[in-house]
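J.: I am attaching a structure below and will ask some questions about it afterwards.
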Amino acid sequence: MQEGRGLGDKKINRVNVSLSNRYDTKLKRLAVSCNMKPTSLAALFIELSLDSTELVATLQDRYNVHNAYKVIPLEDYDYASGEIELVLTDKE
45 MQEGRGLGDK KINRVNVSLS NRYDTKLKRL AVSCNMKPTS LAALFIELSL DSTELVATLQ
105 DRYNVHNAYK VIPLEDYDYA SGEIELVLTD KE
């Protein structure tokens, strides 16, 4: 992950994702349909997923193994953008 300071709203954090050929094809087709680059569409998927309280809860229900790292999505974080904040639960 790359990090920097004072860059305004520039996206500076990188996440590399490996997709199967099948999902790469799906991503490319949808990107063409939406007039977007596949990487931009993948970034949008990640942003929408992290701002979905239902998806965050579902993922934690299925895959969370350490309760100390479970997060609580706060929906009322930013009404204008629709973003939520993910806050760590208190360690017990």
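Residue numbering for the sequence shown is 45 to 136, as defined by our numbering.
Backbone N, C-alpha and C fix where the C-beta goes; we use that ideal spot for every residue, glycine too.
(1) Taking the Cβ atom as the reference point for each residue, do V109 and L130 lie within a distance shorter than 8 Å?
(2) Kindly indicate the opening and closing residues of the alpha helix (DSSP H) around V76.
(3) Name the one or two DSSP bridge partners that V115 has.
(4) Starting from V100 and walking both ways along the alpha helix (DSSP H), at which residues does that stretch end?
(5) Please work out which residues of its chain come closer than 7 Å, Cβ to Cβ, to V61, disregarding the five sequence neighbours upstream and downstream, and give them in chain order.
T.: On the basis of the data shown:
(1) With contacts defined as CB atoms closer than 8 Å, V109 and L130 fail to qualify as a contacting pair.
(2) For V76, the enclosing alpha helix (DSSP H) has its first and last residue at 65-77.
(3) Answer is L132, bridged to V115.
(4) Segment 97-107, the alpha helix (DSSP H) holding V100.
(5) Close CB contacts of V61 within its chain, under the 7 Å cut and outside five residues either way in sequence, are with A86 (chain order).
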